[in-house]
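Those sequence lines, one after another, are chains A and B. Going by our numbering, the first sequence opens with residue 2, and the numbers climb by one from there. Going by our numbering, the second sequence opens with residue 26, and the numbers climb by one from there. Cβ coordinates follow ideal geometry from the N, Cα and C atoms, glycine included. None of these values were measured; they are calculated from a predicted model. All remarks here apply to the structure that follows.
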Amino acid sequence: MARGRIVINLEACKGCQLCTTVCPSNLIRMANSFNSRGYRPAELVDPQQRCTGCALCAIMCPDAAIEVFREVKVKSQEGSAAEEVVLVVTGPA
Amino acid sequence: MDEQIAVVNVQEQLVYARPRALTEETTNYCPGCTHGLINKLIAEVIDELGIQENTISVSPVGCSVFFYRYLVLDGVVAPHGRAPAVAIGIKRMLPDRVVITYQGDGDMAAIGMSEVVWAAMRGENITAFFVNNANYGMTGGQMAPTTLAGQVTTTTPEGRDVETMGMPTRMAELIAGLPGSAYVARCSTYDARTIRDARNAIRLALRAQMAEAGFTMVEFLSACPTNWGLSPQGALQWIKDTMVAYYPLGEIKVSEAVQRLKTKR
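Here it is, written out as structure tokens:
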């Protein structure tokens, strides 16, 4: 299973909780602190690294506050320059 | 034989990010309002088609007015309901641009009904995005033409009485019935599947405009948790359970030219 993580922009989050309802592993909860607009932002709680980077939370976010990273295996020949990271934005295709 | 060793590297890739066509500004929409989601979908499709420099948006009056601030596009704000008329003027002078309007239901279905009907009747080559949240959001949740039968709003505290106020307006079906419309779809954004369908509809509508197919419109059933008095999740559930029953989702009109585009990809 691919491993992933999300980065939530705490200032852009309005605490609508829609991401918490779609996470298949229930890894997102609302923080105990407030952001400068007075909302409780969402936070990822994933000590066992169960996030797969499925991006359902980011797709659902009305404020585009979530970035999703996913680990992928890249086969490369030794010595070849395949180290550059390709930006692939996969929305709900 | 060369000795080449296959190495498996694990790399972390950014797989979902804020679209480039969306500004960094935090929107003024209420928490859970799907205006934000629809703005994001339109921005994603504009990025995907690479038409950001070539697109002109026309904003209306209502919550959707801030569309011009949240998308990195050239934009004009039209008087209430007149976004299609302004868009037609731009499109006729600059036919190589992609011209879009982004209107709410109070704007398009009430005061702007005439403009959008004649735009569709003449087959003007613009795209209208119509956000239907079944009330006037910005002014405090009054009844709109799209308010459902029996729905409680601030001006219909007993629920919309269809005996005196008539039935809600189905804009997508109305526009689809006109000869000049090329593509009309109704979408929603209550789960990942409907969001994907909405994105595909936006893409097809913009591609149809670029292929000069005629008037295109995408209607979105949108949540208004604040004025509906529901939680963001409850509002999405209400769309799924109640709104979709009266406003069926799907492609309502696909002209032959758009059908050819669809198969061409």
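Boundaries of the beta strand (DSSP E) around B:Thr152: Thr152 to Asn157.
Of the residues assessed, B:Glu149 falls on the buried side of the cut-off, its CB having 16 or more other CB atoms within 10 angstroms. Using a Cβ-Cβ cut-off of 8 Å, A:Ala32 does not count as an interface residue toward chain B, since no Cβ of chain B sits closer than that to its own. Taking a contact as a CB-CB distance under 8 Å, the pair B:Asp99 and B:Ile125 does not count as one, their CB atoms being some 11 Å apart.
In the three-state DSSP reduction, B:Asp121 falls in the coil class, being neither helix nor strand.
Between B:Gly162 and B:Asn64, the CB-CB gap reaches or exceeds 8 Å.
Straight-line spacing of the CA atoms in A:Phe35 and A:Pro42 works out to 7 Å.
Within the stretch 257-286 of chain B, the beta strand (DSSP E) runs of at least 3 residues that lie entirely inside it are, in chain order, 275-279. Each residue's CA atom was taken as its position, placing B:Glu183 and B:Met190 some 12 Å apart. In this model, B:Val83 and B:Met168 are separated by some 24 Å (Cα to Cα).
Chain-ordered, the chain B residues with CB closer than 7 Å to the CB of A:Gly54 read Val40. For B:Gly57 against B:Pro193, the beta-carbon gap comes to about 23 Å, at or over 8 Å, which does not count as contact. B:Asp99: member of the beta strand (DSSP E) spanning Asp99 to Val102, first to last residue. Between the stretch 236-247 of chain B and the stretch 152-162 of chain B there are three or more inter-stretch CB-CB distances shorter than 8 Å, so the stretches are counted as touching.
The criterion of a C-beta distance shorter than 8 Å is satisfied by B:Ala145 and B:Leu203.
With contacts defined as CB atoms closer than 8 Å, B:Val97 and B:Ala46 qualify as a contacting pair.
Within the DSSP bridge table, the entry for A:Lys74 names B:Val35 as partners. Taking C-beta separations shorter than 8 Å and ignoring five residues to either side along the sequence, the partners of A:Leu28 in its chain run Leu45, Val46, Asp47, Arg51 and Cys52, following chain order. Proximity to B:Pro273 across B:Gly137, B:Glu281, B:Glu49 and B:Cys212 peaks at B:Cys212, based on C-alpha coordinates. The criterion of a C-beta distance shorter than 8 Å is satisfied by A:Gly5 and A:Glu72. Using a Cβ-Cβ cut-off of 8 Å, A:Arg71 is close to Glu37, Gln38 and Val40 of chain B, given in chain order. Contact fails between the stretch 174-188 of chain B and the stretch 274-286 of chain B, because fewer than three Cβ pairs, one in each stretch, are under 8 Å apart. At a cut-off of 8 Å between beta carbons, A:Leu19 contacts chain B.
Contact of B:Val111 with chain A is not assigned, every C-beta pair being separated by 8 Å or more.
In the DSSP annotation of this structure, the continuous segment of the alpha helix (DSSP H) that includes B:Phe92 starts and ends at Phe92 to Tyr95.
The shortest CA-to-CA distance from B:Tyr208 to any of B:Asp121, B:Cys88, B:Pro109 and B:Glu244 is the one to B:Glu244.
Apart from the 5 residues on each side of it in sequence, B:Ile71 sits with its Cβ closer than 8 Å to the Cβ of Pro44, Ala46, Gln77, Thr80, Leu96, Leu98 and Leu231 in its chain, given in chain order. Looking at the DSSP output, B:Tyr208 sits in a beta bridge with B:Thr241 and B:Val279. For A:Ala43, the nearest beta carbon of chain B is not closer than 8 Å to its own beta carbon.
Around the C-beta of B:Gly254, fewer than 16 other C-beta atoms lie within 10 Å, and the residue is accordingly described as exposed.
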